[in-house]
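Note that our numbering has the sequence shown beginning at 70, numbered continuously upward.
In what follows, a single structure is set out as structure tokens and then discussed.
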Amino acid sequence: RMHASWRPGCPVPLADLRHLRLRYVDFEGRVRDGELVVHADVATGVVQVFERLYDLEFPLRSLRLVDDFGADDEASMAADNTSAFNCRAVTGGTAWSEHSYGRAIDVNPVENPYVSGTYVAPPAGRAFLDRVAGPGVILADDEVVRAFAAHGWSWGGYWTRPVDHQHFSTTNR
Numbered sequence: 070r071m072h073a074s075w076r077p078g079c080p081v082p083l084a085d086l087r088h089l090r091l092r093y094v095d096f097e098g099r100v101r102d103g104e105l106v107v108h109a110d111v112a113t114g115v116v117q118v119f120e121r122l123y124d125l126e127f128p129l130r131s132l133r134l135v136d137d138f139g140a141d142d143e144a145s146m147a148a149d150n151t152s153a154f155n156c157r158a159v160t161g162g163t164a165w166s167e168h169s170y171g172r173a174i175d176v177n178p179v180e181n182p183y184v185s186g187t188y189v190a191p192p193a194g195r196a197f198l199d200r201v202a203g204p205g206v207i208l209a210d211d212e213v214v215r216a217f218a219a220h221g222w223s224w225g226g227y228w229t230r231p232v233d234h235q236h237f238s239t240t241n242r
């Protein structure tokens, strides 16, 4: 299934990744089944985080592999897709993204945009720059941030430049 997101030369071998099937609540309150790929070392904790999000009925728009979008991060974000592994460079750079190691997850990118100066990704995220509580929005020290933090994950919404409201990682990068 990872025909687009993984290729020879990626910094983590396929054998070190785990495919997770996760239950979530969508924006209409329906229970759905989704999937993520993460590093084997964090898989158990990620399952527990998503169990907590499910219990909280925190809505996710979509939970699909980035491969469903041809490994195009911008297309996945535009679809408001929550995703994890994607062998790619950091936004605006050449170094490997933490997503390339299976140690980063982006949650509801539209409601939780990446912001660097005047650049906002995805563009529909401009409607959520004011950071007020609402369905799918992540705020400082909320239940979502605490669920990830309980398993050693840091939130990009605490960064100063860029501010990456959708991003959680095990390395705070």
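Backbone N, C-alpha and C fix where the C-beta goes; we use that ideal spot for every residue, glycine too.
Just so we're clear, the structure is a prediction, and the values are computed from it rather than from any experiment.
Legend entry - Cβ pair L105, E212 closer than 8 Å: Contact: no.
Legend entry - Continuous beta strand (DSSP E) stretch holding A173: start and end: 173-175
Legend entry - S238 - containing beta strand (DSSP E), residue span: Residues 236-238.
Inset, instruction - Let me know if G139 comes out buried or exposed under the rule of 16 or more other beta-carbons within 10 Å of its beta-carbon. - result: exposed
Legend entry - Opening and closing residue of the beta strand (DSSP E) in which L86 lies: Taken as a continuous stretch (DSSP letters only), the beta strand (DSSP E) holding L86 covers 86-94.
Legend entry - Residue(s) in a DSSP beta bridge with Y183: Bridge partners of Y183: A190, D233.
Inset, instruction - Inspect the beta-carbon positions of Y93 and L122 and report whether they are closer than 8 Å. - result: yes
Inset, instruction - Have a look at V206 and D141 and give me their C-alpha separation to the nearest angstrom. - result: 23 Å
Legend entry - Which residues DSSP lists as bridging S152, in chain order: D175
Legend entry - Nearest neighbour of F119, chosen from L91, V107, W224 [CA to CA]: L91
Legend entry - Backbone secondary structure at A196 - three-state DSSP: helix
Inset, instruction - State the beta-bridge partners of V106 as determined by DSSP. - result: Its beta-bridge partners are H88.
Legend entry - Whole-number beta carbon distance between H168 and N155, since they are thought to touch under 8 Å: 5 Å
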